[in-house]
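K.L.:
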Amino acid sequence: MATDKRVPRTASEVTAVASSRLIDSRRLLYFMHVAQGRSFTAAEAALDIAQSALSRQIRQLETDLGTKLLERRGHGVEPTATGRVLLQYAVEVLDLMGTAVDEVQQSKLGPRDRVSLAVSRPFSTTYVPDVLMRFGKEYPHIHVSVFEASSGQVYEMLTSGAVDLAVVLVQANSPKISTTKLFDEALLVTGRSDNPDLQQEVVKRADLAGLELILPAAPFGTRGILERYFEDGDLEIDPGLRFDSVSLMKEMIRREGYSAILPESACVAELASGEFVARPLKPSLQRTLRLAHLRDKRQSEALTALRETLLSVVMEQSA
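Numbers in my numbering are just positions in the sequence shown, counted from 1, shifted up by 29.
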C-alpha cells in the first residue's frame, strides 16, 4: 500500500505557495464540470454560461498551470493525464470550500452545535424517542435532526454525507466507515392471522416461493440480506410489489392478505392484538443493526455525544 510521505509545510511556506500558485476557484469549477461530464455542452447547461466563455476560462486555467488539461474526442472531451490529476483535487477543494461556507453560515446562528441521524422506522419508533429525551436533557445546546427512511436509503444518506450518524444493516468494507454493533434481530414472515399459509409454527425457506410476498426496494439494506438468503436456498423470487414503507406494507397485509419479512419490532401493536402473526424461518434469518459514521467527518462534540447516548439507550433496553 502506498503511503503519503509528503512533509507538512510550515505556515510561511504555505503563504509563499499560496501567493505564487493560486488557482482561480471559478475556473476550477468550470473545469470540473466539463471534465466530469466530458462535454462543454453539458457544462454550459449546468452552469448557465456560454460555451465561448467556458472555453476561454479553461484555456486561461491551462495557461495559469502551464499544461493542457482537456483533449477533444469526437463529440466530447477527455481529461489529459494532468487533467485527471487536477480533477481529483478540484472535487476535493470545491467540496471543502462548500463545507467552509456552510460552517460559516451555521456559525452565524450562534454557539449551538448540530448533529443529524438517519434510522429506519422500526428502530425510530422503538429507540429514538428515549434517545432524544435523554440527549435533550444532557445537551440542550445541541440541535438534532432525525431522518426516517428505509434501511437501504439510510445507508445511502450516510455514505453521501447527508447525515452524521446512521443505523445501518451493512457491515461496511470501506475504511471510510466506522461501525459499532448494536444488536441482532430475527426477521419473521409476517401476515394476517387468518392467512392460510401462516398457520404452521415455522415457515420453511422453500415455502417462500409460494407466498404473495412484499419485499423491499432499496439496496444496501434488508433487501440485500433477503436476496442472499434466497440465493443460498436456490430460490428465485420476483415479487409483484416492492416498496420500502413499513406502514404501506402493513396496510397491504391488512387489506389484501400479502406477507412480508419483517422484524417483530415493526408490528408490535398488530402482533399484540392478534391481528397479525409472525413466523420464524427455517433456516432462521436475522439481521445485525450497526451504528455508523464516516471516519473523515469532523468528530464534533455533538456527533460524539449523540453516538454515546444512542449506544447507552440501546444497551439498557436490550438488557
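Just so it is clear, CB atoms sit at the ideal spot from N, CA and C, and this is done for glycine as well.
1) In whole angstroms, what separates the C-alpha of arginine 236 from that of threonine 209?
2) Could you give the residue range of the beta strand (DSSP E) that holds alanine 321?
3) So who's on the other strand from serine 207, going by DSSP bridges?
4) Can at least three beta-carbon pairs, one atom from the segment 317-337 and one from the segment 189-204, be found at a separation below 8 Å?
5) Buried or exposed for glutamine 346, going by 16 or more other Cβ atoms inside 10 Å?
6) Is the number of C-beta pairs between the segment 275-283 and the segment 248-266 that are closer than 8 Å three or more?
7) Run the CB neighbour count on threonine 188, radius 10 Å, all protein chains shown included, and call it buried at 16 or more, exposed below.
8) For glutamate 337, I'd like the list of residues in its chain whose CB is within less than 7 Å of its CB, leaving aside the five on either flank, ordered along the chain.
9) With a cut-off of 8 Å on the beta carbons, I'd call phenylalanine 176 and serine 145 a contact; round off their distance for me.
10) Thinking C-alpha only, which one of Asp53, Ala72 and Glu132 is nearest histidine 62?
11) If you reduce the DSSP assignment to three classes, tell me which class alanine 292 lands in.
12) Is the segment 154-163 close to the segment 227-234, with three or more CB pairs under 8 Å?
13) Can you name the residues that DSSP bridges to histidine 172?
14) Taking DSSP as the reference, what is the three-state secondary structure of threonine 338?
15) The alpha helix (DSSP H) with alanine 29 in it runs from where to where?
16) Quick one: Cα of valine 218 to Cα of phenylalanine 152, how far?
17) Look up threonine 96 in the DSSP assignment and give the residues it is bridged to.
18) According to DSSP, arginine 221 sits in a beta bridge with which residue or residues?
19) If you draw a straight line from the C-alpha of leucine 58 to the C-alpha of histidine 172, how long is it?
20) Using the DSSP secondary-structure output, state which residues sit across from valine 106 in a beta bridge.
21) With a floor of 4 residues, list each alpha helix (DSSP H) that falls wholly inside the segment 244-269, ordered by position along the chain.
22) Would you say alanine 129 and phenylalanine 60 are within 8 Å of each other, going by their C-beta atoms?
23) Between the alpha carbons of proline 245 and cysteine 296, how many angstroms are there, rounded?
24) Hey, out of Gln328, Leu240, Pro312 and Gln182, whose CA is closest to aspartate 261's CA?
25) Inspect the beta-carbon positions of phenylalanine 305 and glycine 220 and report whether they are closer than 8 Å.
26) Mapping DSSP to helix, strand and coil, what is glutamate 330?
27) Taking the CB atoms as reference points, tell me whether leucine 99 and leucine 115 lie closer together than 8 Å.
28) Quick one, are the C-beta atoms of leucine 318 and leucine 198 less than 8 Å apart?
29) By the three-class DSSP mapping on this structure, what secondary structure does leucine 240 have?
30) For the alpha helix (DSSP H) that contains phenylalanine 164, what are its first and last residues?
31) Please classify glutamate 348 as buried or exposed, where buried requires at least 16 other C-beta atoms within 10 Å of its C-beta.
P.N.:
Reading it off the structure:
1) For clarity, residue 236 is aspartate in the given sequence; the question names arginine instead. Computed Cα separation, rounded: 34 Å.
2) 315-323
3) His322
4) yes
5) exposed
6) no
7) buried
8) none
9) 7 Å
10) Ala72
11) The amino acid at residue 292 is misidentified as alanine; the sequence shows proline. Looking at proline 292 - three-state DSSP - the assignment turns out to be strand.
12) no
13) Arg143
14) helix
15) Nothing in the structure corresponds to residue 29, since the chain is present only between 30 and 348.
16) 18 Å
17) In the DSSP output, where bridge partners are listed per residue, threonine 96 has none listed.
18) Phe305
19) 32 Å
20) Arg101
21) 251-261
22) no
23) 16 Å
24) Pro312
25) yes
26) helix
27) no
28) yes
29) coil
30) 150-167
31) Per the sequence shown, the amino acid found at residue 348 is alanine instead of glutamate. Exposed.
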